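Worksheet: one structure, shown below.
There are 2 protein chains.
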Amino acid sequence: MEAYKVYEIKQSVFQVNDNEADLLRQELRQQHTFLLNLMSSPGSGKTTTLTRTIEKLREEMRIGIMEADIDSDVDANKIARTGTRVIQLHTGGMCHLDAGMTRQGLREFGTEGLDLVVLENVGNLVCPAEFDTGAAKNAMILSVPEGHDKPLKKYPLIFQVCDALIINKIDVLPYFDFDLEKVTEFAHMRNPNLEIFPISAKTGEGVDAWCDWLRRQVRN
Amino acid sequence: MEAYKVYEIKQSVFQVNDNEADLLRQELRQQHTFLLNLMSSPGSGKTTTLTRTIEKLREEMRIGIMEADIDSDVDANKIARTGTRVIQLHTGGMCHLDAGMTRQGLREFGTEGLDLVVLENVGNLVCPAEFDTGAAKNAMILSVPEGHDKPLKKYPLIFQVCDALIINKIDVLPYFDFDLEKVTEFAHMRNPNLEIFPISAKTGEGVDAWCDWLRRQVRN
Chain A
13 MEAYKVYEIK
23 QSVFQVNDNE
33 ADLLRQELRQ
43 QHTFLLNLMS
53 SPGSGKTTTL
63 TRTIEKLREE
73 MRIGIMEADI
83 DSDVDANKIA
93 RTGTRVIQLH
103 TGGMCHLDAG
113 MTRQGLREFG
123 TEGLDLVVLE
133 NVGNLVCPAE
143 FDTGAAKNAM
153 ILSVPEGHDK
163 PLKKYPLIFQ
173 VCDALIINKI
183 DVLPYFDFDL
193 EKVTEFAHMR
203 NPNLEIFPIS
213 AKTGEGVDAW
223 CDWLRRQVRN
Chain B
13 MEAYKVYEIK
23 QSVFQVNDNE
33 ADLLRQELRQ
43 QHTFLLNLMS
53 SPGSGKTTTL
63 TRTIEKLREE
73 MRIGIMEADI
83 DSDVDANKIA
93 RTGTRVIQLH
103 TGGMCHLDAG
113 MTRQGLREFG
123 TEGLDLVVLE
133 NVGNLVCPAE
143 FDTGAAKNAM
153 ILSVPEGHDK
163 PLKKYPLIFQ
173 VCDALIINKI
183 DVLPYFDFDL
193 EKVTEFAHMR
203 NPNLEIFPIS
213 AKTGEGVDAW
223 CDWLRRQVRN
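Each protein sequence line maps, in turn, to chains A and B.
Per this note's numbering, the very first residue in the first sequence carries number 13; after that it's consecutive.
Per this note's numbering, the very first residue in the second sequence carries number 13; after that it's consecutive.
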């Protein structure tokens with residue numbers, strides 16, 4: 013006998029935006045702009061990872077960054093300091109971007125001539141995973157302090173929709189019960205094709221392998 | 013001149029559920045059940061904090077736990093092992109609970125005779141802050157690895173709607189650039205009435221002060 017009851021709450025219908033996303037993806041492919049949708053929890057080091065990535069790739073491709081946030085500009089400020097083109101999108105309280113919102117942002121940004129646009133999605137791993145933004149590829153960042161049991165726990169869907177998983181903050185591995193082999197195993201149970209990149213955005217360790225993967229996607 | 017453009021995306025209208033929440037709050041008060049809505053990011057130690065809290069208060073009040081999650085039972089399992097009454101709510105992909113969903117969960121749980129029900133809301137700090145669940149009080153957990161600049165950054169709203177802020181994982185303070193004074197200052201800029209409790213759910217440090225606060229709320 014179960015020690016507790018499980019109750020399924022009837023959910024509202026999610027906006028079906030798959031057609032809109034497919035259309036946007038096709039248009040971006042025609043203009044040779046690669047859109048990467050980057051998702052993570054707050055505090056996982058998304059902006060620092062982006063800054064490192066920009067450093068590595070800026071000489072070989074034209075990069076633009078779309079920062080999505082509820083209402084602040086902290087991340088855009090940091091990115092702008094690298095000299096990269098950046099736009100800050102305010103979602104006014106929305107916890108994710110859908111394809112229509114992404115299209116609005118791209119139009120306002122003006123992405124003609126850019127090889128790579130990284131959409132830094134709103135900082136959580138739940139809602140952004142539900143909505144196809146129209147990006148060519150999806151990536152997520154999981155940081156060591158968040159724990160290696162996360163793939164089985166809070167957000168199964170995001171591991172399924174992502175093509176790449178960055179495991180950030182490996183420099184603090186000694187201070188946490190975080191098992192890199194286990195997280196790899198768990199993540200691959202959710203998605204056998206997931207590419208996994210352990211990095212430290214702080215020290216730069218592992219960033220080359222991640223950038224190699226991203227470079228191949230953009231040139232594809 | 014700004015180094016980047018800020019663009020406000022038109023958001024969908026949020027469901028207005030304030031009336032429903034007020035009605036639920038009133039009903040719970042009449043039956044002398046105190047509902048606490050507990051919010052946090054994944055990995056902040058919410059379930060461990062709850063387990064500690066249950067240990068301290070179980071002898072003096074009847075406690076029930078409602079775990080809300082997208083689709084897993086990991087947290088309910090842990091709580092059930094403490095011998096506490098627990099129900100697992102599955103939101104089927106929804107990133108938050110509104111008052112209607114909370115009411116469904118409470119009805120299914122059967123809360124008559126309980127002094128304290130803790131709703132462990134879905135694990136993110138964005139969406140749950142938007143929706144009043146009908147709880148008497150709201151609390152959130154911020155953990156040291158998430159950083160002290162968070163109140164200014166990713167989720168300003170949650171600091172405004174919360175009555176208590178638990179700062180967890182103070183045992184790893186030496187390994188992070190986390191300034192307890194700064195986070196207090198930032199959080200109080202958002203909400204001067206916020207009660208702040210630095211704790212380590214792992215070692216038990218600071219848990220008494222948090223439980224004293226909670227005890228006063230329940231008895232009020």
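Backbone N, C-alpha and C define an ideal beta-carbon position, used for all residues, glycine too.
Small disclaimer: the values here were computed from a predicted structure and weren't measured.
Check: Give the interface partners of B/E197 over in chain A, defined as CB-CB distance under 9 angstroms, in chain order.; Outcome: Those do not exist, as B/E197 stays about 16 angstroms from chain A at its closest Cβ, beyond 9 angstroms.
Check: Give the secondary structure of B/I82 by DSSP, where H, G and I count as helix, E and B as strand, and everything else as coil.; Outcome: coil
Check: Just tell me which of A/I77, A/P157, A/F190 has its CA closest to the CA of B/K17.; Outcome: A/I77
Check: What residues in its chain sit with their C-beta under 7 angstroms from that of B/N136, if we drop five residues either side in the sequence?; Outcome: S53, C107
Check: Return the Cβ separation of A/P210 and A/I179 in integer angstroms, given the expectation that the two are a contact with Cβ distance under 8 angstroms.; Outcome: 4 angstroms
Check: Touching or not, the segment 32–44 of chain B and the segment 79–96 of chain A, by the rule of three or more beta carbon pairs under 8 angstroms?; Outcome: no
Check: Is the Cβ-Cβ distance between B/L62 and B/V129 less than 8 angstroms?; Outcome: no
Check: If you measure between the beta carbons of A/L126 and A/I66, is that distance less than 8 angstroms?; Outcome: no
Check: Which residue wins for smallest C-alpha separation from A/V219, given the options A/T60, A/A33, A/N31?; Outcome: A/T60
Check: Which residues mark the beginning and the end of the alpha helix (DSSP H) in which A/D39 is found?; Outcome: In the sequence on display, residue 39 of chain A carries Glu and not Asp. Start and end: 30–42.
Check: Examine the Cβ distances between the segment 140–149 of chain B and the segment 111–118 of chain B and report whether three or more of them are shorter than 8 angstroms.; Outcome: yes
Check: Return yes when the Cβ of A/V156 is within less than 8 angstroms of the Cβ of B/V134, no when it is not.; Outcome: no
Check: Shortest alpha-carbon distance to A/C223 belongs to which of A/A33, A/R37, A/L48?; Outcome: A/L48
Check: Closest to A/G216 by C-alpha separation, out of A/R227, A/K181, A/L185, would be which residue?; Outcome: A/K181
Check: Just how far apart, CA to CA, sit B/L101 and A/E124?; Outcome: 46 angstroms
Check: Taking buried to mean at least 16 other C-beta atoms within 10 Å of its own C-beta, is A/V25 buried or exposed?; Outcome: Residue confidence for A/V25 is low, a pLDDT of 35 falling below 50, so the modelled location carries little weight and cannot support an answer.
Check: So is B/F100 in contact with chain A if we call contact Cβ pairs under 8 angstroms?; Outcome: Before going on, a small fix: residue 100 of chain B reads as Gln here, not Phe. So, interface residue.
Check: Once you ignore the five residues that flank B/F171 on each side, which residues in its own chain have a CB closer than 6 angstroms to its CB?; Outcome: P163, A199, R202, N203
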